[in-house]
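Have a look at the structure below before the remarks.
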Amino acid sequence: MDIRIRNINHWYGDNHVVEDVSLDVREGELVALLGPSGCGKTTLLRLVAGLIPLKDGQIYFGEKDVSQWQPQKRNAVMVFQSYALFPHMSVEENISYGLKVRKINHHVRKELIQEIMEKVELTGYADRKIQELSGGQQQRVALARSLVVEPDVLLFDEPLSNLDEKLRVSMRQEIRKIQKSSQITSIYVTHDQEEAMSIADRIVIMNKGKIQQIGSPREVYEKPLNTFVANFMGESNYFVDNGVTRMCRPDAITLSTHGEYQGKVAWVEYLGSTQRLTLDWEDRQLIVDVFNRDLKDLSTNHGDRVSFDMDKRALVTLEDTTSDII
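Rendered as structure tokens:
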């Protein structure tokens with residue numbers, strides 16, 4: 027089922043938190059809403075879920091206008107960062123809660139629960155209490171509870187925020203795999219750029235209530251439309267000439283023994299398999315990411331002179347020239 031959002035506006039008092047937002051989410055697609063705190067992404071998600079009354083705009087699930095429908099009628103399920111599990115219930119009881127509310131037959135419930143527990147790798151945990159589970163296991167229970175009712179739409183509100191980094195990586199892979207196998211249309215809210223790029227088919231970048239850009243992870247990283255998107259998605263090198271701003275990412279610059287340009291190493295960050303260099307070049311500084319294996323005999327110590335090349339094809343012209351440029 028596809029989702030169509032048309033001209034949505036929402037205010038908290040005088041604060042215009044969602045401003046004329048329109049968006050299409052294709053059937054079976056996972057779209058990430060990405061942006062800084064307070065950009066309006068969670069409010070937009072809750073408007074889609076029906077948890078906040080919609081006063082201006084329309085929301086369609088397929089051909090149905092669900093703008094004024096109550097949450098339970100929309101068949102959209104939210105997965106929260108707090109998991110929202112019942113601590114006094116077992117894993118099986120938590121997963122079956124939505125099925126009981128829908129008055130699903132006991133034997134059918136058992137079959138559905140067994141099937142979904144296998145899918146999220148919780149087989150053997152049916153009788154465990156929630157407090158006996160790790161954070162990752164609790165998130166799996168929350169995901170299973172959402173999937174077992176066979177929703178038309180899945181809505182994720184920063185579901186991995188409470189997990190440590192290693193567990194976040196494994197769980198986002200798990201969510202991606204399950205979402206793809208179930209083909210449930212999904213919207214995923216996060217403030218984490220890496221998480222959005224690793225999990226989403228497309229990313230919607232928001233700032234101050236407005237959509238800044240919509241595109242694939244590669245498009246929004248390599249071809250940002252404006253300086254906000256360029257800055258938010260990662261380190262950038264900017265070149266301003268006659269009021270026109272162009273940028274490239276640090277990996278568009280490569281060190282070479284006989285490069286076209288020469289610079290001086292001002293700073294070195296060792297990041298394991300890579301180094302991030304800051305080079306003094308002409309009247310500016312450039313950020314360069316290099317793999318250690320590519321350095322060979324090149325020296326990149328502080329103060330060293332280095333030569334480099336720049337991939338001109340990676341230069342992107344931005345729509346604005348603003349004070350956001352750092």
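Take the position in the sequence shown, starting the count at 1, then add 26; the result is the number in our numbering. Don't be surprised by glycine CBs; every beta carbon is placed ideally from N, CA and C. Given the structure is predicted, the values throughout are model-derived calculations rather than measurements.
In terms of CA proximity to Met232, Met259 leads the group His328, Met259, Arg244 and Lys81.
Of Val230, Asp40 and Asp183, the smallest CA-CA separation from Tyr247 is found for Val230. The count of Cβ pairs closer than 8 Å, one atom from the stretch 75-93 and one from the stretch 133-142, stays below three, leaving the stretches out of contact. By alpha-carbon distance to Glu53, the top candidate from Gly88, Tyr38 and Lys145 is Gly88.
By the Cβ criterion, the stretch 147-165 is in contact with the stretch 102-117, since at least three pairs of Cβ atoms, one from each stretch, lie closer than 8 Å. Of the other Cβ atoms in all chains shown, fewer than 16 fall within 10 Å of the Cβ of Ser207; this residue is therefore exposed.
In this structure, the alpha-carbon of Val215 lies about 30 Å from that of Arg135.
Arg202 and Glu147 have their C-alpha atoms some 14 Å from each other. DSSP places Thr326 in the coil class of the three-state scheme, outside both helix and strand.
By alpha-carbon distance to Met104, the top candidate from Leu251, Val342, Asp306 and Glu184 is Glu184. The secondary-structure analysis by DSSP pairs Trp307 across a beta bridge with Arg310.
Checking the DSSP bridge columns, you'll see Gly241 partnered with Ile229.
By the neighbour-count criterion, in which a residue is buried when 16 or more other Cβ atoms sit within 10 angstroms of its Cβ, Leu251 is buried. For Lys290, the closest of Leu56, Val44, Leu305 and Asp277 by C-alpha to C-alpha distance is Leu305. For Gly289, the uninterrupted beta strand (DSSP E) run begins and ends at Tyr287 to Tyr296, by DSSP. For Asn318, the CB contacts under 8 Å within the same chain, skipping 5 residues up- and downstream, are Ser299, Thr300 and Gln301 in chain order.
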